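K.L.:
Each residue of the sequence shown is one higher than the one before, counting from 2 in the numbering used here.
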Amino acid sequence: MKIFRMAIAGAILAVSAGVAMAQDWPTKPLRIVVPFPAGGSADTQTRVIADELSKALGQAVVIENKPGAGGNIGAAEAARAQPDGYTLFMATTGTHASNVSLYDKLPYDPVKDFAPLTMVTIYPQVVVPSPKMKDASFKDMIAQLKAAGDKSNFGSSGTGSPTHLGGELFKRATGTQMVHVPYRGQGPALNDMLGGQLDVMFPSISDVLSFLQSGKLRAIAVMNDKRLKQIPDVPTMAELGYPGVTSSIWTGLYTKAGTPQPVIDRLHKELVTIVNSPAFKDKFEALGFEVRTSTPQELAQFTEAETKRWGDIIKSLNIKAQ
2 MKIFRMAIAG AILAVSAGVA MAQDWPTKPL RIVVPFPAGG SADTQTRVIA DELSKALGQA
62 VVIENKPGAG GNIGAAEAAR AQPDGYTLFM ATTGTHASNV SLYDKLPYDP VKDFAPLTMV
122 TIYPQVVVPS PKMKDASFKD MIAQLKAAGD KSNFGSSGTG SPTHLGGELF KRATGTQMVH
182 VPYRGQGPAL NDMLGGQLDV MFPSISDVLS FLQSGKLRAI AVMNDKRLKQ IPDVPTMAEL
242 GYPGVTSSIW TGLYTKAGTP QPVIDRLHKE LVTIVNSPAF KDKFEALGFE VRTSTPQELA
302 QFTEAETKRW GDIIKSLNIK AQ
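See the structure below:
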């Protein structure tokens, strides 16, 4: 009985300590680790969130860009943080869904090392043919790619990236033999696409929206389960006869696993308010993002489903990151 009373007392003390910490927290600046260079989609979102979170918490929120190895360097940095809520991580499809299947060993565990906070955005990918295929329909494009065989190609932002995996999905479904050309980022790939050196790309809508609007490039299909409001006349892959060929990039915010629940609750509350604000939604939806918040549990379930889906695809295609 004495041991039982001691256990109850210990639990009460732990809860009290957590509540007290949440009331006093934060007492110093926070940081958000972004696993990609400054200026990219994930970085741009994070900077807006950091500014607003700083106002809400009354502390500076610093961005730390840690690019490399498909996001693994940044994820490993965040995984080494103390479980106190002072380090957040802007996760993506790669760091928390596909990398575990692409790499033989990760320097972090996407489930055990992180506590989910909320989803932030989803940005579906689109099928973009070369300007050389100026007037080709989707059917015409497939016919040209098949006729060219392995002399045709597609570019991506790197081996194992969503733009690579989306391309491999497309190849398998359409029976084309395009050669994959990996780049160090989406920018260099798009430059070669505009120059006519690539036949097809599978970028996110946000990365090419300005080119689509200017007429320099065109989207011929959407790799999403529904049409996009930014390009409502472009059909989905399912509408064109290829159901299941869906590919999107997503972002979500995490902190270190083991962070006291009251701190997680506070972070979740503030972040959801920021991401759901008209200022954030209007800015990023105009750029092609789908803004979507979640509970921590919903993010965990979503990530689990994405990890299985991409794991199955990566295994079936026998893809490994270099």
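The beta carbon of each residue, even a glycine, is placed where N, CA and C say it ideally should be.
Every value quoted in this text rests on a predicted model; they were computed, and no experiment measured them.
Go ahead and pull the three-state DSSP assignment for A15.
P.N.:
Walking along the sequence shown from the start, residue 15 turns up at place 14. Because the pLDDT of A15 is 47, which lies under 50, any placement of that residue in the model is unreliable, and the number read from its coordinates should be weighed accordingly. Helix.
K.L.:
Tell me the rounded alpha-carbon separation between K1 and T88.
P.N.:
For the chain, the structure presents residues 2 to 323; residue 1 sits outside this window and is missing.
K.L.:
If I measure Cβ to Cβ from K29 and keep anything under 8 Å in the same chain, skipping five residues before and after, which residues do I get?
P.N.:
Indexing the sequence shown from 1 puts residue 29 at position 28. Once the five neighbours on either side are set aside, the close Cβ partners of K29 are Q60 and Y87.
K.L.:
Taking the alpha-carbon of H181 as reference, which of G150, S205 and D208 has the nearest alpha-carbon?
P.N.:
Position 180 of the sequence shown, counted from the start, is the residue given in the question as residue 181. Among G150, S205 and D208, the Cα nearest to that of H181 belongs to G150.
K.L.:
Please tell me whether, using a cut-off of 6 Å, the distance from the CB of S211 to the nearest non-hydrogen atom of the ligand MN is below it.
P.N.:
Ligands are entirely absent from the displayed structure, and the ligand MN is therefore not among its contents.
K.L.:
Starting from S157, trace the beta strand (DSSP E) in both directions and tell me its first and last residue.
P.N.:
To locate residue 157, count along the sequence shown from 1; it is residue 156. Counting along the chain, the beta strand (DSSP E) containing S157 begins and ends at N154 to S157.
K.L.:
Give the straight-line distance between the Cα atoms of K270 and V112, rounded to the nearest whole angstrom.
P.N.:
As a first step, residue 270 is located in the sequence shown; it is residue number 269 there, counting from the start. As a first step, residue 112 is located in the sequence shown; it is residue number 111 there, counting from the start. Distance between the alpha carbons of K270 and V112: 21 Å.
K.L.:
Considering only the beta carbon of each residue, do N154 and L199 sit closer than 7 Å?
P.N.:
Residue 154 sits at position 153 when you count from the first residue of the sequence shown. Residue 199 sits at position 198 when you count from the first residue of the sequence shown. In this structure, L199 lies closer than 7 Å to N154 by Cβ.
K.L.:
Compute the distance between the beta-carbons of A116 and T260, then report whether it is under 7 Å.
P.N.:
In the sequence shown, the residue the question calls residue 116 occupies position 115. In the sequence shown, the residue the question calls residue 260 occupies position 259. Against a cut-off of 7 Å, the Cβ pair of T260 and A116 comes out as a contact.
K.L.:
With L191 and G289 assumed to form a contact (beta carbons below 8 Å), what rounded beta-carbon distance in angstroms separates them?
P.N.:
As a first step, residue 191 is located in the sequence shown; it is residue number 190 there, counting from the start. As a first step, residue 289 is located in the sequence shown; it is residue number 288 there, counting from the start. In fact, because the Cβ distance is near 14 Å, the residues do not count as touching under 8 Å.
K.L.:
Check whether the stretch 219-236 touches the stretch 71-78, taking contact to mean three or more Cβ pairs, one atom from each stretch, closer than 8 Å.
P.N.:
In short, these stretches do not touch, since the Cβ pair count stays below three.
K.L.:
Just to confirm before moving on: does the CB-CB distance between P36 and T96 stay below 7 Å?
P.N.:
Here residue 36 refers to the residue found at position 35 when the sequence shown is read from its first residue. Here residue 96 refers to the residue found at position 95 when the sequence shown is read from its first residue. In contact: P36 and T96 (Cβ atoms closer than 7 Å).
K.L.:
Anyone know if the C-beta pair for A43 and T252 falls short of 7 Å?
P.N.:
Indexing the sequence shown from 1 puts residue 43 at position 42. Indexing the sequence shown from 1 puts residue 252 at position 251. Yes, these two residues count as a Cβ contact at 7 Å.
K.L.:
For K257, which beta-bridge partners are listed by DSSP?
P.N.:
Within the sequence shown, the letter at position 256 stands for residue 257. Its beta-bridge partners are F115.
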